[in-house]
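Enquirer: Numbering (my numbering), first residue to last: 150 to 468.
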Amino acid sequence: MGDWLQIHDWLHENVTSLLDSALHGSPLDAYSGGLATVLATGLTCVSVLGIFMLGLGVILWVEPKIWARMMDRRGRITDWRSLWVGEQGVTAGEWWNKVPYGLGRPIGALNKWLNKVMGNSSKHPSVERVNNRSWHGAWWALPGFVQTIADGAKFLTKEHMPPTKADRTIYELSPFLIISSTVLIIGFMPFSSGIYAINPDLSVLFALAIFGIAPLGVFFAGWSSNNKYTLIGGIRSAAQLTAYEIPLLITVLGVCIVSGSFNFIEVVNFQHSSGAWNFFLLPLGFGLFIITMIAEVERIPFDMPEAEAELVEGWWTEY
């Protein structure tokens, strides 16, 4: 079987063995090899996507809480403390002092520093709970994490109300165009040895080409909504996404030149053989890449296309 991290080969071997025994002597016996390949490939894609979505869920759980502290908002700041408070509003107090051998004291110092620097007033500290909403789930299941899933489920079950005079076809397809361009790029990303969906020779160029599809979806979403504010937001957002793709392209090409390949896996292998991450070889390029990606996802301070005071979430207004 080889390295167990070769998840596709491992799945293919086990699925083939299972189908051979299950279909032996049946009319489908001759097709067991093809069926095993299809099933193994599908299971590989599902596994990789599941790992990615789980990591994304954790990011969605942590990220808004950190920004909530920085922006001094009460509603989302039930973050670090939501891991350790009890039911019915009964808090654990200074729980870090109860950890054996003083191992919790650094966490207590960090918590107090966060309250001092980014918290609310001393009367209403930022770790205060809000309407008992922060505790959903057992301690081993990341308390508060289920709230993120509940928010997503509520969003998916809301009534769909497209604008009356919108271009319905483009209005419905634009979000799929944006999301599918992101999901397609995941297929090129090697999460580990053998954990990837596809490996073309020029996978970096393929990913950059797919990455350029999203601005089109953003523009069409703003235009098809038949709302001038949404159209302005779509134009501004598409312009920003397109503009910052140029420095993104430059930084990625720098990595490809140093690595000597336009293939993601060969770039990773170069880092392994050279004994140094490309971050250390191209520190300025890494900094530019981080700034570019923050601008691409339109986060502070590059959130002007979605300026809430002016455009009410930009091209998202009618969605």
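For each residue, glycine too, the CB sits at the ideal point set by N, CA and C.
Out of Glu394, Gln420 and Gly174, point me to the one whose CA is closest to Ala356's CA.
Expert: It is Glu394.
Enquirer: Could you say which of Val446, Gly383, Leu203 and Leu184 lies nearest to Thr331 if we only look at CA atoms?
Expert: Comparing Cα-Cα distances from Thr331 to each of Val446, Gly383, Leu203 and Leu184, the minimum goes to Val446.
Enquirer: How far does the alpha helix (DSSP H) with Glu162 in it extend, from its first residue to its last?
Expert: Here the alpha helix (DSSP H) through Glu162 covers Ile156 to Leu172.
Enquirer: Can you give me the Cβ contacts of Val367 inside the same chain, cut-off strictly under 6 Å, excluding the 5 residues immediately before and after it?
Expert: Hits under 6 Å: Gly383, Ser386, Ala387 and Trp464.
Enquirer: Have a look at Val407, Tyr468, Ile328 and Ala185 and flag the residue whose alpha-carbon is nearest the alpha-carbon of Pro364.
Expert: Of the candidates Val407, Tyr468, Ile328 and Ala185, the one whose C-alpha sits nearest the C-alpha of Pro364 is Ile328.
Enquirer: On the DSSP bridge assignment, give the partners of Ile327 in chain order.
Expert: Bridge partners of Ile327: none, in fact.
Enquirer: For Gly183, count neighbouring C-beta atoms within 10 Å of its own C-beta (all shown protein chains included) and say buried if the count is 16 or more, exposed if not.
Expert: Flag for Gly183 reads exposed.
Enquirer: For Thr379, count the other beta carbons within 10 Å of its own beta carbon; 16 or more makes it buried, fewer makes it exposed. Which is it?
Expert: It is buried - the Cβ of Thr379 has at least 16 other Cβ atoms within 10 Å.
Enquirer: Could you check if Leu259 is buried or exposed, using at least 16 other CB atoms within 10 Å of its CB as the buried criterion?
Expert: Its Cβ having fewer than 16 others within 10 Å, Leu259 is exposed.
Enquirer: For Ile344, which beta-bridge partners are listed by DSSP?
Expert: DSSP lists Ser341 as partners of Ile344.
Enquirer: Say whether the stretch 168 to 182 touches the stretch 301 to 321, bearing in mind that this needs 3 or more beta-carbon pairs closer than 8 Å, one atom from each stretch.
Expert: Verdict: no, contact absent.
Enquirer: Span of the alpha helix (DSSP H) holding Val417?
Expert: Looking at the DSSP string, the run of the alpha helix (DSSP H) that includes Val417 is Phe413 to Ser423.
Enquirer: What distance in whole Å lies between the Cβ atoms of Ala315 and Glu467, which are believed to be in contact at a cut-off of 8 Å?
Expert: So it is a contact: roughly 7 Å between Cβ atoms.
Enquirer: In this structure, does DSSP put Ala315 in helix, strand or coil?
Expert: In the structure shown, Ala315 sits in coil (DSSP, three-state: anything other than H, G, I, E or B).
Enquirer: Which of the three DSSP states is assigned to Leu177 in this structure?
Expert: Looking at Leu177 - three-state DSSP - the assignment turns out to be coil, as it is neither helix nor strand.
Enquirer: Which word fits Ser352, buried or exposed, when buried means at least 16 other C-beta atoms lie within 10 angstroms of its C-beta?
Expert: That one is buried.
Enquirer: Could you check whether the Cβ of Leu326 sits closer than 8 Å to any heavy atom belonging to the ligand GTP?
Expert: Among the ligands in the structure shown, none appear at all, so the ligand GTP cannot be discussed.
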